[in-house]
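Chemist:
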Amino acid sequence: MILFNVFHSVNARGAFLCCREAANRLKRGGGGRIIMLSSSLVGSLRPNLSAYTASKAAVETMVKILAKELKGTHITANCVVPGPIATEKYFAGKTEEMINKAIDQCPHGRLGETKDVAPLVGFLATDAAEWVHGQVIRVNGGYV
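Under UniProt numbering, the sequence shown has 79 at position 79, and the numbering climbs by one with no breaks.
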């Protein structure tokens, strides 16, 4: 239960508070972009990860509702959902077998890299992404 509370405090509640503050500030500024992050675990539904996965599912639901609440504000809200990305945090505590299993589950046959996700986040932050709103966009090389 402790992990459930921690994950929800950080991932769900933290995202909610940040979005609320961002929306208030962006409204005063005349518009802008809110880009949230989730996890492909929400789509893959892996056993033994329910507390973490549920906290990220809350973020995905939140962005869809927030998009409707932002009607008429010139603010867009979207959620980028990376798959397994080769970072220090991803590798921490994982065995080589666990990492290879994730690689095997990806049609590209490799872990993602930050350079695979960053261009999408960059695009969503631009004026060109004005029509992209309330979307949960998975960037995972086919992992899910």
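All C-beta atoms, glycine included, are put in the ideal place defined by N, C-alpha and C.
On the three-state DSSP scale, how would you describe V59?
Modeler: helix
Chemist: Between the region 32 to 39 and the region 68 to 78, are three or more C-beta pairs nearer than 8 Å?
Modeler: Counting Cβ pairs under 8 Å, three or more are found: they touch.
Chemist: Could you tell me which residues DSSP pairs with L37 in its beta bridges?
Modeler: V80
Chemist: Can you give the beta carbon distance from L134 to V59, rounded, assuming they're within the 8 Å contact cut?
Modeler: Sequence check: residue 134 is Gly here, not Leu. Wrong, their Cβ atoms sit about 13 Å apart, outside the cutoff.
Chemist: Please determine, among F16, N24, Y90 and L41, the residue with the shortest C-alpha to C-alpha distance to I65.
Modeler: F16
Chemist: Since I believe H8 is in contact with S55 (beta carbons under 8 Å), could you give me their beta-carbon distance rounded to a whole number of angstroms?
Modeler: 5 Å
Chemist: Return the chain-ordered list of same chain residues with a C-beta closer than 6 Å to the C-beta of Y52, the five sequence neighbours on each side being excluded.
Modeler: F7
Chemist: Would Y143 and P84 be called neighbours here (beta carbons separated by less than 9 Å)?
Modeler: yes
Chemist: For A139, name the three-state secondary structure that DSSP assigns.
Modeler: In the sequence as presented, Ala is not what sits at residue 139; that position holds Val. Secondary structure at V139: strand, using DSSP grouped into helix, strand and coil.
Chemist: Among T126, A92, A57 and D104, which residue has its Cα nearest to the Cα of A12?
Modeler: A57
Chemist: Measuring alpha carbon to alpha carbon, tell me which of P82, A129 and T61 ends up nearest G112.
Modeler: P82
Chemist: Hey, would you say G141 sits closer than 9 Å to P107, going by beta carbons?
Modeler: yes
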